[in-house]
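Presented below is the structure to which this report refers.
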Amino acid sequence: MSYAAVHDDEHHDHKPTGIGRWLFSTNHKDIGTMYLVFALIMFFIGGAMAMVIRAELFQPGLQYVDPQFFNSMTTVHALVMIFGAVMPAGVGLANWMIPMMVGAPDMAMPRMNNMSFWILPFAFTLLLSTFFMQGGAPAGGWTMYPPLVLQLGDGLPFLIFAVHFLGLSSIMGAINIIATVFNMRAPGMTFMRLPLFVWTWIITAFLLIAAMPVLAGGVTMLLTDKFFGTAFFDAAGGGDPVMFQHVFWFFGHPEVYILVLPSFGIISQIIPTFARKPLFGYASMVYATASIAFLSFFVWAHHMFTVGMPLAGELFFMYATMAIAVPTGVKVFNWTATMWKGSMTFETPMLFAIGVLFMFTLGGFTGLMMGITPVDFQYHDTYFIVAHFHYVLVPGIVFGIISGVYYWLPKWTGHMYDETLGKWHFWTSTISVNILFFPMHFLGLAGMPRRIPDYNTQFTDWNQIISIGGFAFGLSQLLLVWVVIKCVRGGEKATDQVWEGAHGLEFTLSSPPPFHSFTTPPEVTDATAHS
Amino acid sequence: MSVDKLKQAVLGMVTVSLLLASGAVFAGLGDMPLNLTQGVTETSQRVYDLHMTILYIVTVIGVIVFSVMCWSIFHHRKSKGAVAAQFHHSTAAEIAWTIIPIIILVAMAVPATKTLIFMEQTGDAEMTLKVTGYQWKWKYDYMDEGVTVWSALDQDSNNARQRDSGISPDSVENYLLDVDNPIVLPINTKIRILTTAADVIHAWWVPALGWKRDAIPGFINDNWTNIKEPGVYRGQCAELCGKDHGFMPIVVHAVSQEEYVAWIDEQKAAQLAAASGANREWSKEELLSQGEKVYAANCASCHQATGNGVDGLFPALNGSSIVNGPASDMIHLILNGKNLMPAFKEQLNDADLAAVITHERNSWDNTAKDIVQPADVKAAR
Chain R
35 MSYAAVHDDE HHDHKPTGIG RWLFSTNHKD IGTMYLVFAL IMFFIGGAMA
85 MVIRAELFQP GLQYVDPQFF NSMTTVHALV MIFGAVMPAG VGLANWMIPM
135 MVGAPDMAMP RMNNMSFWIL PFAFTLLLST FFMQGGAPAG GWTMYPPLVL
185 QLGDGLPFLI FAVHFLGLSS IMGAINIIAT VFNMRAPGMT FMRLPLFVWT
235 WIITAFLLIA AMPVLAGGVT MLLTDKFFGT AFFDAAGGGD PVMFQHVFWF
285 FGHPEVYILV LPSFGIISQI IPTFARKPLF GYASMVYATA SIAFLSFFVW
335 AHHMFTVGMP LAGELFFMYA TMAIAVPTGV KVFNWTATMW KGSMTFETPM
385 LFAIGVLFMF TLGGFTGLMM GITPVDFQYH DTYFIVAHFH YVLVPGIVFG
435 IISGVYYWLP KWTGHMYDET LGKWHFWTST ISVNILFFPM HFLGLAGMPR
485 RIPDYNTQFT DWNQIISIGG FAFGLSQLLL VWVVIKCVRG GEKATDQVWE
535 GAHGLEFTLS SPPPFHSFTT PPEVTDATAH S
Chain Z
114 MSVDKLKQAV LGMVTVSLLL ASGAVFAGLG DMPLNLTQGV TETSQRVYDL
164 HMTILYIVTV IGVIVFSVMC WSIFHHRKSK GAVAAQFHHS TAAEIAWTII
214 PIIILVAMAV PATKTLIFME QTGDAEMTLK VTGYQWKWKY DYMDEGVTVW
264 SALDQDSNNA RQRDSGISPD SVENYLLDVD NPIVLPINTK IRILTTAADV
314 IHAWWVPALG WKRDAIPGFI NDNWTNIKEP GVYRGQCAEL CGKDHGFMPI
364 VVHAVSQEEY VAWIDEQKAA QLAAASGANR EWSKEELLSQ GEKVYAANCA
414 SCHQATGNGV DGLFPALNGS SIVNGPASDM IHLILNGKNL MPAFKEQLND
464 ADLAAVITHE RNSWDNTAKD IVQPADVKAA R
């Protein structure tokens, strides 16, 4: 039926050629590919900065860089990884998969899609060019707290405009995703039949629209404080430096879920496929995701317990933070129940998804510990928090994105990737990521502050182990590049369904799919939904 | 490179790192720091107990959840002939794993709330210490005694931490955790500690006291401590505050009430002596030798020991038109600050300011070569 029709269409694909295909692209797959390639490049740029940090921290004393440059490394590493690697990778996956998953030919607003991608290279050119300016690159932390950030030299307006551009790009991407899902679902694709990845992305998109303008407002106030004589954050002029932290984290906490929800969506697709069993508790997954997103707007001050809030404020933010553990727990239990009594196989995507399940949960536990205000007074701004958010961000989110790449790569390219290399990538990454981040818990508890280029000699041994883990993790990621290139160039032909247990509209299309995904909308029934 | 070779390379890499890691762990785990300190105050003990309680709770939850996952992974696999069940929800299970975590969370919230309320009782203090963060040192005001102590990284650590210093950090005792002027606090006394800052946000943290608090310019935060055991307790700034954030440690000497009183008297006497020093004429040699010390402690972290500054961030003093210009302009700038340059009016006395200005005007390739007397500085204030 529609299968044949789709295949017929493929012969009428008229792909633009040359550089114009990419510069002027309005195709969700090409734009998705550009997002993913961009994210991978940024992942290695941000990773190179992490390697500089770990090289300097390999032993006490200053060996390679000056403290100011070290601070630039930690600051720009975070900005590049968050805004350059993880967020674009999430949008790239959304671009590729959402039209295929909801049965649409393309995104709802293809030209805006082009613009939201092409803003990114310009934004990062602005940001990274600050390394060559008077005063150097931003060095006040990615959180940009005033008054420190206002001490930055010529780079400050570049940092602020880069953040504005990134916000514009994200908001356009989010509007596009919402418009696509709300308007372009195939007949029968009701909201409660949407694949979980689509659900997590709709919720992420609403979070983006709500949170990014707040960040833009905050950094604009920094700009006027620096150049136009306002005193929003200057106590001497009647302002309040802590107000910036409130504004920033009102964006910053939802941002955490902007980063993590797509990863939750990805593993919610992958675990049922390889357990050969429907996702456990679909409806409760949707409600749990929505609850997490809702609650994320009421917990921001747990990032700043040490600024000195009234007792009532500290108690409120502690209780609200603890409440997030409930829906998060529901999700972890649902994934576990999906695997329970399944018939599991462990191809690379499943390995990475299980890695997410274990290590994100670990990061969740330390998150709960830090939500307890009185003990957070000790944990705050130490390596304990560095361990926590890296567990959530790397084996929690980056592994989720990588599992999605392995899962859909055969669909995108039409070739199976090299399973042996994929497994090597998983095991080297998993071992090294734990050598890298686990000892940071010990360092933090023992009293090593974060964001320092040099440390007391009692911390040397752990730092050396951490650095070895870091270098190994960095090298392991080259395997991913190799696997992807090899898979794009050729390999065993992938079937349309790709995986034995795979369900969903994207697996009814050919591998690789036609240039315009569904030119005839497919019919969706309760039986075909709910993979 | 063939796949086999890559396999070998990766295997080699993993083996080496595992060996290194496990070797290091087994060789030195006894000496390697692992856990939060129990500290020396009731607050720190309560915080430690709370930390351990929550750590045990999440560990038990973790063991249960991870065991279930591992059981499925080992037993419900296709290669073992497992056939997938097709159930996809269970209202009872879903209600259970919503309600049970809520109960556990409430059980955690109760002791946490009690500890937090205890920590916020800042009233009834017997003495008050005001801590002010500067880039990159601390100022301590003993409010009831009129004593002020400036505390910065000690000279041994400061020498060793310079890039390519050639001094091994291992050779410096308490590397980066020692200061020139430690503060002294009495034990068994409820001390109110106010934190604030002069330039950017800092955070005052001594782990043994059980808390840290931001020091925010324009705002004063209220905290307290009551140290139970005499000893030396070390800490660091915990909020990124610029270039030398990693180099502004805190050292607290906790002593008996008698020793504390004696120390306060000593400080008062020293302050008087320093004030009288400002009223006499100094020789050039005196000024230069004092100036060199003041420069190393207050100026070198930005303007560098060479006087050449850091390009684009901190201007050079070597050959500077201000340093070689009229002395009055230079005194004015140092007293009042400019842009990133802090105002030293409060930080240094007349003699130290005169000494450091004389030192700068006579050092490197500078041509001014004149001397500035404490009286000149006093007149310019």
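Going line by line, the protein sequences match chains R and Z.
Taken in order, the first sequence gives residues 35 to 565; the numbers are from the working numbering.
Taken in order, the second sequence gives residues 114 to 494; the numbers are from the working numbering.
We put the beta carbon where it would ideally sit given N, CA and C, even for glycine.
Bear in mind the structure is a predicted one, so any value in this text is a computation, not a measurement.
Q: Would you mind stating whether T382/R and E453/R have Cβ atoms separated by less than 8 Å?
A: In the first sequence, the residue the question calls residue 382/R occupies position 348. In the first sequence, the residue the question calls residue 453/R occupies position 419. Less than 8 Å separates the beta-carbon of T382/R from that of E453/R.
Q. When the cut-off is 8 Å and only beta carbons count, does F59/R lie next to chain Z?
A. Sequence index remark: in the first sequence, residue 59/R carries index 25 (1-based). Checking the displayed sequence, the identity of residue 59/R turns out to be Ser instead of Phe. Put simply, the CB of S59/R is far from chain Z, with every gap to its CB atoms at 8 Å or more.
(Q) For P361/R, which residues in the same chain have their Cβ closer than 7 Å to its Cβ, ignoring the five residues on either side in sequence? (A) In the first sequence, the residue the question calls residue 361/R occupies position 327. Excluding sequence positions up to five before and after P361/R, its CB lies within less than 7 Å of the CB of A322, S325 and I326, all in the same chain and listed in chain order.
Q: For P408/R, go through chain Z and note every residue whose CB falls closer than 7 Å to its CB, in chain order.
A: What you label residue 408/R is simply residue 374 of the first sequence in a count that begins at 1. Using a Cβ-Cβ cut-off of 7 Å, P408/R is close to V160, L163, A225, T228, L229 and M232 of chain Z, given in chain order.
Q: Taking L242/Z as the query, report the chain R residues whose CB atoms sit under 8 Å from its CB, ordered along the chain.
A: Numbered from 1 along the second sequence, position 129 holds the residue referred to as residue 242/Z. One finds nothing in chain R with a Cβ atom closer than 8 Å to the Cβ of L242/Z; even the nearest lies about 16 Å away.
Q: Compute the Euclidean distance between the alpha carbons of Q412/R and V253/R, then round it to the nearest angstrom.
A: Taking the first sequence and counting its residues from 1, one reaches residue 412/R at position 378. Taking the first sequence and counting its residues from 1, one reaches residue 253/R at position 219. Looking at the two C-alpha atoms, the distance is approximately 29 Å.
Q: Measure the C-alpha to C-alpha separation of I194/R and T340/R and round it to an integer number of angstroms.
A: Here residue 194/R corresponds to residue number 160 of the first sequence, with the count starting at 1. Here residue 340/R corresponds to residue number 306 of the first sequence, with the count starting at 1. One C-alpha to the other measures close to 26 Å.
Q) CB L163/Z to CB T228/Z, shorter than 8 Å? A) Within the second sequence, numbered from 1, the residue matching residue 163/Z stands at position 50. Within the second sequence, numbered from 1, the residue matching residue 228/Z stands at position 115. Cβ atoms of L163/Z and T228/Z: closer than 8 Å.
Q: Please decide whether F117/R counts as near chain Z, where near means a Cβ-Cβ distance under 8 Å.
A: Here the question's residue 117/R lines up with position 83 in the first sequence. No, F117/R does not count as interfacial toward chain Z.
Q: Ignore the nearest five residues each way along the sequence and tell me which others in L329/R's own chain have a CB closer than 8 Å to its CB.
A: Position 295 of the first sequence, counting from 1, holds the residue named residue 329/R. Once the five neighbours on either side are set aside, the close Cβ partners of L329/R are A354, A357, I358 and P361.
Q.
Let me make sure I understand the geometry here. Which of G430/R, M319/R, W458/R and M482/R has the alpha-carbon closest to that of T211/Z?
A. Position 98 of the second sequence, counting from 1, holds the residue named residue 211/Z. Selection G430/R, M319/R, W458/R and M482/R evaluated against T211/Z yields M319/R as nearest (Cα-Cα).
Q) At a Cβ threshold of 8 Å, is F282/R touching chain Z? A) By 1-based counting over the first sequence, the position of residue 282/R is 248. So no, F282/R is outside the interface.
Q.
Assuming contact is defined by CB atoms lying nearer than 8 Å, are I496/Z and M232/Z in contact in what I supplied?
A. Any question about residue 496/Z goes unanswered here, given that chain Z covers just 114 to 494.
Q. With 16 as the cutoff for other CB atoms within 10 Å, does I167/Z come out buried or exposed?
A. Numbered from its first residue, the second sequence carries residue 167/Z at position 54. Of the other Cβ atoms in all chains shown, 16 or more fall within 10 Å of the Cβ of I167/Z; this residue is therefore buried.
Q: Report the residue from Q158/Z, L401/Z and V178/Z whose alpha carbon sits nearest the alpha carbon of V364/R.
A: Against the first sequence, residue 364/R aligns to sequence position 330. Comparing alpha carbon positions, the residue from Q158/Z, L401/Z and V178/Z closest to V364/R is V178/Z.
(Q) Please give the ranges of any alpha helix (DSSP H) in the stretch 454-539 of chain R, keeping only runs that are unbroken, at least 4 residues long and fully inside the region. (A) List check, alpha helix (DSSP H) in window: 494-523.
Q | Cβ shell of G376/R (< 7 Å), same chain only, five flanking positions each side left out | A | Mapped onto the first sequence, residue 376/R falls at position 342. The beta carbon of G376/R sits closer than 7 Å to the beta carbons of A309, R310 and K311 from its chain, once the five residues preceding and following it are set aside; these are given in chain order.
**Q.** Whether Q268/Z touches A409/Z by CB criterion (8 Å)
**A.** Stepping through the second sequence from its first residue, residue 268/Z is reached at position 155. Stepping through the second sequence from its first residue, residue 409/Z is reached at position 296. Note that the C-beta distance between Q268/Z and A409/Z is below 8 Å.
(Q) Does any residue of chain Z have a CB that is nearer than 8 Å to the CB of R310/R? (A) Position 276 of the first sequence, counting from 1, holds the residue named residue 310/R. Using beta-carbon distances, R310/R counts as an interface residue toward chain Z, with a partner under 8 Å.
(Q) What are the residues in the stretch 349-360 of chain R lying within 9 Å of chain Z by C-beta distance? (A) If the cut-off is 9 Å between Cβ atoms, the stretch 349-360 of chain R has L349, M352, Y353, M356, A357, A359 and V360 near chain Z.
(Q) Quick check on Q349/Z: does DSSP put it in helix, strand or coil? (A) Counting from one through the second sequence, the residue named residue 349/Z turns up at place 236. Here Q349/Z sits in strand by DSSP.
(Q) At the 8 Å Cβ level, is P71/R part of the contact set with chain Z, yes or no? (A) Translated into the one-based positions of the first sequence, residue 71/R becomes position 37. A quick correction: the sequence has Val, not Pro, at residue 71/R. Cβ-Cβ to chain Z under 8 Å: no for V71/R.
Q | W334/R: first and last residue of the uninterrupted beta strand (DSSP E) it sits in | A | The residue labelled residue 334/R in the question sits at position 300 within the first sequence. Neither: W334/R is in no beta strand (DSSP E) and is coded neither H nor E.
Q: Compare the C-beta of M182/Z against all C-beta atoms of chain R and say whether one is closer than 8 Å.
A: Position 69 of the second sequence, counted from the start, is the residue given in the question as residue 182/Z. Taking CB atoms only, M182/Z has a neighbour in chain R less than 8 Å away.
Q | N336/Z - DSSP class collapsed to helix/strand/coil | A | Locating residue 336/Z in the second sequence gives position 223, where the first residue counts as 1. DSSP places N336/Z in strand when its eight states are reduced to three.
Q | Residue span of the alpha helix (DSSP H) that contains S163/R, given as start and end | A | For the purposes of this step, residue 163/R is identified with residue 129 of the first sequence, where counting begins at 1. Note, S163/R: alpha helix (DSSP H), P144 to S163.
Q: Under 9 Å between beta-carbons, which chain Z residues line up against A335/R? List them in chain order, please.
A: Your numbering for residue 335/R matches position 301 in the first sequence. Those within 9 Å of A335/R in chain Z number zero; the least Cβ separation is about 13 Å.
(Q) Quick check on L461/Z: does DSSP put it in helix, strand or coil? (A) In the second sequence, counting from the first residue as 1, residue 461/Z sits at position 348. Reduced to three states, the DSSP call for L461/Z is coil.
Q) Span of the beta strand (DSSP E) holding D268/R? A) Stepping through the first sequence from its first residue, residue 268/R is reached at position 234. Here D268/R belongs to no beta strand (DSSP E), and DSSP marks it neither H nor E.
Q: Could you tell me which of I431/R, A480/R and M135/R sits nearest to V290/R, measuring between CA atoms?
A: Sequence index remark: in the first sequence, residue 290/R carries index 256 (1-based). Here the closest residue by C-alpha is I431/R.
Q | For R190/Z: DSSP bridge partner residues | A | Looking up residue 190/Z in the second sequence gives position 77. R190/Z pairs with M378/R.
Q. Within this structure, are the beta carbons of M530/R and S545/R separated by less than 8 Å?
A. For the purposes of this step, residue 530/R is identified with residue 496 of the first sequence, where counting begins at 1. For the purposes of this step, residue 545/R is identified with residue 511 of the first sequence, where counting begins at 1. One point to set straight first is that residue 530/R is Asp, not Met, in the sequence displayed. Yes, they are a contact pair.
**Q.** Within the stretch 383-433 of chain Z, ranges of the alpha helix (DSSP H) (whole runs, at least 4 residues)
**A.** Counting whole runs of 4 or more residues, the stretch 383-433 of chain Z contains the alpha helix (DSSP H) stretches 397-411 and 413-416.
**Q.** Cα-Cα separation, G401/R to F187/Z
**A.** Reading the first sequence from its first residue, position 367 is the one you call residue 401/R. Reading the second sequence from its first residue, position 74 is the one you call residue 187/Z. Between G401/R and F187/Z, the alpha-carbon positions lie close to 29 Å from each other.
Q: Please list, in chain order, all residues of the same chain as L401/Z whose beta carbon is under 8 Å from its beta carbon, the five residues on each side excluded.
A: Numbered from its first residue, the second sequence carries residue 401/Z at position 288. Within the same chain, L401/Z has close Cβ partners A468, T471, H472 and N475.
(Q) Contact criterion: CB-CB distance below 8 Å. Does H414/R meet it with respect to chain Z? (A) Here residue 414/R corresponds to residue number 380 of the first sequence, with the count starting at 1. Taking Cβ atoms only, chain Z reaches closer than 8 Å to H414/R, which makes this a yes.
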